[in-house]
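Protein chains in written order, with the working numbering: chain A, 401 to 501; chain B, 148 to 635; chain C, 25 to 500. Glycine included, each C-beta is placed from N, C-alpha and C at the ideal position. What follows is a short report on a single structure.
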Amino acid sequence: MGKISTKDVEYVAGLAQLALDDAAKERLAREMDEILSYMDKLNELDTANVEPMMHAMEMTNVFREDVVGESLPREIALRDAPQHDGEYFIVPKILDTEGSA
Amino acid sequence: MTAWHEKTAHEIRNAVRARHVSAAEVAESYLNRIAAVDPKVDSYTQVWADFARAQAARVDEKIARGEDAGRLAGVPIGIKEVICTKQGHTTCSSRILEGYQSPHDATIIRKLEAEGAVFLGKLNMDEFAMGSSTENSAIKTTRNPWNLRCVPGGSSGGSAAAVAADLCAFSLGSDTGGSIRQPACLCGCVGIKPTYGRVSRYGLVAFASSLDQIGPLTKDVEDAALALNVLCGKDAMDATSANLPVPDFTQALTGDIRGLRIGMPVECFTESLGAEMREKVLSAIEVLKGQGAEVVEVSLPTLDYALAVYYIICTAEASANLARFDGVRYGFRHPAAGDVREMYVKTKTAAFGPEVRRRIMLGTYVLSSGYYDAYYLKAQKVRRLIKEDFDRAFTKCDIIVTPTSPTPAFEFGAKTADPLEMYLSDIYTISTNLATLPGISVPCGLCASGLPAGVQFMAKPFDEATLLRVAHCYEKNSGITLGKAPIA
Amino acid sequence: MEYEAVIGMEVHVEINTKSKVFCACSTHFSAPANTNVCPICLGMPGVLPVLNREMVNKSVAAGLALNCTISRWSKLDRKNYFYPDMAKNYQISQYDLPLCSNGHLDIEVDGQPKSIGITRAHMEEDTARNTHTLGGGQSGVDFNRSGVPLLEIVTEPDLRSAQDAYAYLTALKQILQYLDVSDCNMEEGSLRAEANISVRPKGASVFGTKTEVKNVASFSGVMKAIEYEIKRQVELIESGGAVEQETRGWDPDRGITFTQRKKESAHDYRYFPEPDLVPVVVDAAWEQRIRESLPELPLPRKHRFMEQYGLSDYDANVLTGTQAMADYFEAAVQADADAKKTANWIMGDLQALLTEAKADISACNVTPACLAEMIRMINDNTISGKIAKEVLAEMFVSGKSPKQIVEEKGLVQITDASAIEGIVRQVLADNPQQVEQFKAGKDRVVGFLVGQVMKASRGKANPEKVNEILRNELAK
Ligand SMILES: [Mg+2]
Ligand SMILES: [Zn+2]
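See below:
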């Protein structure tokens, strides 16, 4: 086994909110290992003095003005929700208190 | 007389405006063609017959009133599943968006409608545009009209197959690493990816935000120019759309390429390129030479790293873009979930296909703590080196020419076992996305196998005019006519 | 052993723009659930954010007021985590290049100046609200707050006590309100404060293990929570225990903090630059335009009030409490009223009226010019101070000028000696017993008689004149 262990796969799956059985973990570890090893060829290049290309466009300062526009009618906002009560999107129990800004 | 469905978009538009035919008749011709042929090709995921008829009727009414019916009056088109439409569903060919009804139209959908286009329905694709064969669709298998045992390419496989089989006058695709050009090449049609920022991405469900562009797949280069005239332009809803004037691209098709410098990147013409493809692309270059273009050798030394850069950046961005599909506000929710975490996990695991899950995993990994610098940041740096390579090359030439795809269409299942092998399908197309350049694939003949081959041209950012001029000149002078796909 | 607390604050304030930070939905607070929502703030497929220009303007203004360096080049990033209040399951925020950094806020604690370092202030978007009141353990999500602009302001660990924290929050709120950057309303959630608290032996240079106290609903709650937490940590250490790094909540009813979330695997937010937005470049000219538009800030204004108007520290502090109050005061003084008397009237009677009506001075019927006029009428003896109270109350209700009220109600002070003499003589005639007592040397009875005269004049007689004439008459 190379640079990716099934434990790494498990950790990443946790971050990505995916569940994998043992077979899937092993297969993914193998595939990711192969792909990431291929990606390691980037280390052949010296990029010490290269600015990362963080944006595809060389534009800056694109804004919208602070003007209130139309919102969606609530029935349209809720229309595709798997579960709603006409006012709120309904979700199952939230167990942990993680989250929020 | 040829049937209307065999005509190009500009022929249809001119005929409709000149009242030689009604938009309704043209739409009917396409709807009949779809009913007869699409069961073999399976390019459409939804056909909007009544909607198309109503749109066509509106165009005819306008014309009857003597009003301007638009630059695409009565032109029937197909739309890739990844583009948001209020009409029908927007599923990205994924189970997770099965039945999803978008509350908004993409900006380009509004533009096309305002110009009199008629929407026939939506076209199959690889799930969330991830793939090069459309085999990753959760909806159906689309076949290559040139050989039904072969893939149409991907991810815009449905869009390419529909154009090749005359199931629409042109179609909309999206291109993140070659997803318009590679299927266009494999299906023998024209496909153009405009410069990043040329066409609004508002309403394009994001795969990799810094690489995605919408573009048309067409029957000829003139139609590509016509479509771009409508699609391009600044959109206030897309902060990354360029605030630049859009020239009339059809005016750029002068046929005159004398003195233009055509760059051949030495890295693209090594032994690894098969003899048949090499011969086809080289003869395309000869055609341009014959029209007065000058051919120069250029070098893109970092090209070899493009695939690695691409798969780091696109998976990273995709891992965030696809996080929103969680079963809360829309789409699929796994019914057996006791709490929110369980809902996320069960929903995503059940409703994303294996390739999407693989890319989410890869993207999550390259962004995760301790690996960001080694993968994501490194990739961004090399992306700049690649762009600089192109900038340098474009000081020596106006157009760069390469194959579009290393191989013609392959059989179903041929590459599904090895993801890396599949990723190599995009080897010639991904660098344009990384360098934000416009690129076009134009058919350059049939291989011995009877499958189409394509040549790719690339231009400087926002120089679609020169790109189309060269592609058009090549198309007119190559002496190549593929003829109609056999659909067998 | 003596301990000292080390406290840093993280404050999220909602920037009071009209529309949300990345879409055109209203930021209005009390709309019915899921009515200020659109495809963008619901994170629907295919949408893109576009940054609200006013968000940048207001964030830069806040940064400048906090003495921050404004980044010439900054960007927005995606912060990735899953939670049902997140529309996209990433929050658009700023990671390594915040818009504002390296500032400080000068505060006063018990009259002593103190400078609190501001590490950074960055732009981000607010999340939706979950309601847990539904049956069956289910939760409802309301996305009205999703995408409301937030500025997150982080201090250095420069605070040493609950009082420091209170003074910091008060000063911060005051400044942000002066700038019209935020309403800073804790009940409505437009200001949320978290404190990172640790203790260490006094003089030590290393930090102790910190806890983070979240979800406190008021400034005084923050203060109490910090006090409790300091005491808890010290007792824990004294008894041989160790502080655990964790997030703690505050129970205001029991007055205690409690474990909310143990330190788990460190958060892995996978920040990366937001590809859908372009960088924000605030050049020197833009920064200067905002700098020039900044109002005088509360602390300098307070010191100027003390110097220029001779006000006490306390009075100047109260009068600069809000910009509206300070502006009101200065407008009245500029309308030619005595500064100290103006201060007293504002802080006394006017404030009482405002408090009772639950009204803000900025929407007060009594204009500064009218208040000044009223004070001048007291000075030139047109009305008595007592009558003035009545006049002010009437002004507060009707918005009429004091002159008009005084005329309409016939409240002009009686200063004419002969008129007062008449009343005085009548009062003396009606109260022979008290006159007797006075003559017997009981001086105190004068007060009673003055009162009777004032009553008979229905308060309009000039009290000084009454006193003078009364004594003259009694001496006769
Ligand atoms: Mg925050
Ligand atoms: Zn919105």
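Tell me, please, whether the CB atom of Ala483(B) is closer than 8 Å to any CB atom in chain A? The residue you call residue 483(B) lines up with position 336 of the second sequence. False, the Cβ-Cβ gap to chain A never drops below 8 Å.
Would you mind stating whether Lys82(C) and Val468(A) have Cβ atoms separated by less than 8 Å? Indexing the third sequence from 1 puts residue 82(C) at position 58. Indexing the first sequence from 1 puts residue 468(A) at position 68. No. Outside cutoff.
Host alpha helix (DSSP H) of His484(A) (start-end): If you number the first sequence from 1, residue 484(A) lands on position 84. Counting along the chain, His484(A) falls outside any alpha helix (DSSP H), and DSSP gives it neither H nor E.
Report the option in Val205(C), Ser117(C), Asn403(C) whose CA atom is closest to the CA atom of Pro299(C). The residue you call residue 299(C) lines up with position 275 of the third sequence. Residue Ser117(C) is the option with its Cα nearest to Pro299(C).
With distances taken between CB atoms, is the gap from Gly670(B) to Ile339(B) smaller than 8 Å? Because chain B is modelled from 148 through 635, residue 670(B) falls outside the range shown and cannot be assessed.
Tell me whether Ser170(C) counts as near ligand 1, meaning its Cβ is closer than 7 Å to at least one heavy atom of that ligand. To locate residue 170(C), count along the third sequence from 1; it is residue 146. Remark: the C-beta of Ser170(C) is outside contact range of ligand 1, defined as less than 7 Å to any heavy atom.
Proximity below 8 Å, CB of Asn485(B) to CB of Pro492(A): Position 338 of the second sequence, counted from the first residue, corresponds to residue 485(B). Position 92 of the first sequence, counted from the first residue, corresponds to residue 492(A). For the sequence presented, residue 485(B) should be read as Gly rather than Asn. In contact: Gly485(B) and Pro492(A) (Cβ atoms closer than 8 Å).
Met401(A) burial status per 10 Å Cβ neighbour count (16 or more: buried): Within the first sequence, numbered from 1, the residue matching residue 401(A) stands at position 1. Low per-residue confidence applies at Met401(A): pLDDT is 47, beneath 50, and the placement is therefore not dependable enough to give any value.
Of the residues that make up the region 350-379 of chain B, which ones have a beta carbon closer than 9 Å to any beta carbon in chain C? Taking 9 Å as the Cβ-Cβ cut-off against chain C, the residues of the region 350-379 of chain B that qualify are Gly350, Leu351, Val352, Ala353, Ala355, Ser356, Ser357, Leu358.
Between the alpha carbons of Ser317(C) and Val548(B), how many angstroms are there, rounded? Here residue 317(C) refers to the residue found at position 293 when the third sequence is read from its first residue. Here residue 548(B) refers to the residue found at position 401 when the second sequence is read from its first residue. Roughly 55 Å between the two C-alpha positions.
Can you name, in chain order, every residue of its own chain whose Cβ lies under 8 Å from the Cβ of Leu378(C), other than the five neighbours on each side? The sequence position of residue 378(C) within the third sequence is 354, counting from 1. Taken in chain order, the residues that qualify are Asp384, Ile385, Cys388.
For Asp185(B) and Leu314(B), believed in contact at Cβ under 8 Å, the rounded distance: Mapped onto the second sequence, residue 314(B) falls at position 167. Mapped onto the second sequence, residue 185(B) falls at position 38. Leu314(B) to Asp185(B), Cβ: 6 Å. Contact.
Who are Arg464(A)'s beta bridge partners in DSSP? Translated into positions along the first sequence, residue 464(A) becomes position 64. Note: Arg464(A) sits in a beta bridge opposite Asn76(C).
May I have the straight-line CA-CA distance separating Tyr27(C) from Pro225(C), to the nearest angstrom? Translated into positions along the third sequence, residue 27(C) becomes position 3. Translated into positions along the third sequence, residue 225(C) becomes position 201. Rounded to the nearest angstrom, the two C-alpha atoms are 4 Å apart.
For Ser139(C), count neighbouring Cβ atoms within 10 angstroms of its own Cβ and tell me buried if that reaches 16, exposed if not. Indexing the third sequence from 1 puts residue 139(C) at position 115. Around the C-beta of Ser139(C), fewer than 16 other C-beta atoms lie within 10 Å, and the residue is accordingly described as exposed.
Under 5 Å from any heavy atom of ligand 2, by CB: list those residues in chain order, please. In chain order, the residues positioned with their C-beta nearer than 5 Å to some heavy atom of ligand 2 are Cys47(C), Cys49(C), Cys62(C), Ile64(C), Cys65(C).
Does the beta-carbon of Ala386(B) have 16 or more other beta-carbons within 10 angstroms, so that it is buried, or is it exposed? Indexing the second sequence from 1 puts residue 386(B) at position 239. That one is buried.
Buried or exposed by the 16-neighbour rule on C-beta atoms within 10 Å, applied to Val37(C): For the purposes of this step, residue 37(C) is identified with residue 13 of the third sequence, where counting begins at 1. Only buried fits Val37(C), as 16 or more other CB atoms lie within 10 angstroms of its CB.
Give every residue of the same chain whose Cβ lies closer than 6 Å to the Cβ of His484(A), excluding the five residues on either side of it in the sequence, and list them in chain order. To locate residue 484(A), count along the first sequence from 1; it is residue 84. If we look at His484(A) and ignore the five residues flanking it on each side, its Cβ neighbours are Leu478, Ile490.
Whole-angstrom distance between Pro426(C) and Leu494(C), CA atom to CA atom: Locating residue 494(C) in the third sequence gives position 470, where the first residue counts as 1. Locating residue 426(C) in the third sequence gives position 402, where the first residue counts as 1. Cα to Cα, the separation comes out at about 29 Å.
Beta carbon of Leu156(C): closer than 7 Å to some heavy atom of ligand 1? If you number the third sequence from 1, residue 156(C) lands on position 132. As written in the sequence, residue 156(C) is His, which differs from the Leu given in the question. Taken from the Cβ of His156(C), every heavy atom of ligand 1 lies 7 Å or farther away.
Who does Ala219(C) pair with in a DSSP beta bridge? For this step, residue 219(C) is matched to residue 195 along the third sequence. The partner list for Ala219(C) (beta bridge, DSSP) reads Met33(C), Val237(C).
Does Met605(B) come out as helix, strand or coil in the three-state DSSP assignment? Sequence index remark: in the second sequence, residue 605(B) carries index 458 (1-based). In the displayed model, Met605(B) falls within a strand according to three-state DSSP.
Inspect the beta-carbon positions of Thr281(B) and Val298(B) and report whether they are closer than 8 Å. Numbered from 1 along the second sequence, position 134 holds the residue referred to as residue 281(B). Numbered from 1 along the second sequence, position 151 holds the residue referred to as residue 298(B). A contact, by the Cβ cut-off of 8 Å.
According to DSSP, is Cys49(C) part of a helix, a strand, or is it coil? On the third sequence, residue 49(C) is found 25 positions in, with the first residue counted as 1. In the structure shown, Cys49(C) sits in coil (DSSP, three-state: anything other than H, G, I, E or B).
Neighbour-count burial assignment, Val448(C), 16 or more Cβ in a 10 Å radius: On the third sequence, position 424 is the one that residue 448(C) refers to. Val448(C) is buried by the Cβ-count criterion.
Run down chain A in chain order and give the residues with a C-beta less than 8 Å from the C-beta of Gly161(C). Stepping through the third sequence from its first residue, residue 161(C) is reached at position 137. What Gly161(C) touches in chain A: Pro492, Lys493.
When the cut-off is 8 Å and only beta carbons count, does Val401(B) lie next to chain C? For the purposes of this step, residue 401(B) is taken as residue 254 along the second sequence, with counting starting at 1. One point to set straight first is that residue 401(B) is Thr, not Val, in the sequence displayed. Chain C, which has no Cβ nearer than 8 Å to the Cβ of Thr401(B), makes this no.
Quick one: is Lys112(C) near chain B, going by C-beta distance under 8 Å? Taking the third sequence and counting its residues from 1, the one referred to as residue 112(C) is at position 88. For Lys112(C), the answer is yes, since a Cβ of chain B falls inside 8 Å of its Cβ.
Quick one: Cα of Val602(B) to Cα of Ser214(C), how far? Within the second sequence, residue 602(B) is the residue found at index 455, counting from 1. Within the third sequence, residue 214(C) is the residue found at index 190, counting from 1. A straight-line Cα-Cα distance of about 58 Å links Val602(B) and Ser214(C).
Identify the continuous beta strand (DSSP E) that holds Leu129(C) and give its terminal residues. The residue labelled residue 129(C) in the question sits at position 105 within the third sequence. Leu129(C) -> beta strand (DSSP E) spans 124-133.
What runs of the beta strand (DSSP E), each 3 residues or longer, lie entirely inside the region 198-265 of chain B? Complete beta strand (DSSP E) runs here, min 3: 223-227.
Residue of Cys332(B), Asp395(B), Ala309(B) minimising C-alpha distance to Cys594(B): Sequence index remark: in the second sequence, residue 594(B) carries index 447 (1-based). The shortest C-alpha separation from Cys594(B) is found at Cys332(B).
Separation of Thr179(C) from Asn104(C), as counted between CA atoms: Mapped onto the third sequence, residue 104(C) falls at position 80. Mapped onto the third sequence, residue 179(C) falls at position 155. Rounded to the nearest whole angstrom, the CA to CA distance from Asn104(C) to Thr179(C) is 24 Å.
At what residues does the beta strand (DSSP E) containing Asp101(C) begin and finish? In the third sequence, counting from the first residue as 1, residue 101(C) sits at position 77. Per DSSP, Asp101(C) belongs to the beta strand (DSSP E) from 101-104.
Residues of chain B with a CB under 7 Å from the CB of Ala413(A): which are they? The count along the first sequence starts at 1 and reaches residue 413(A) at position 13. Those are Met508, listed as they occur along chain B.
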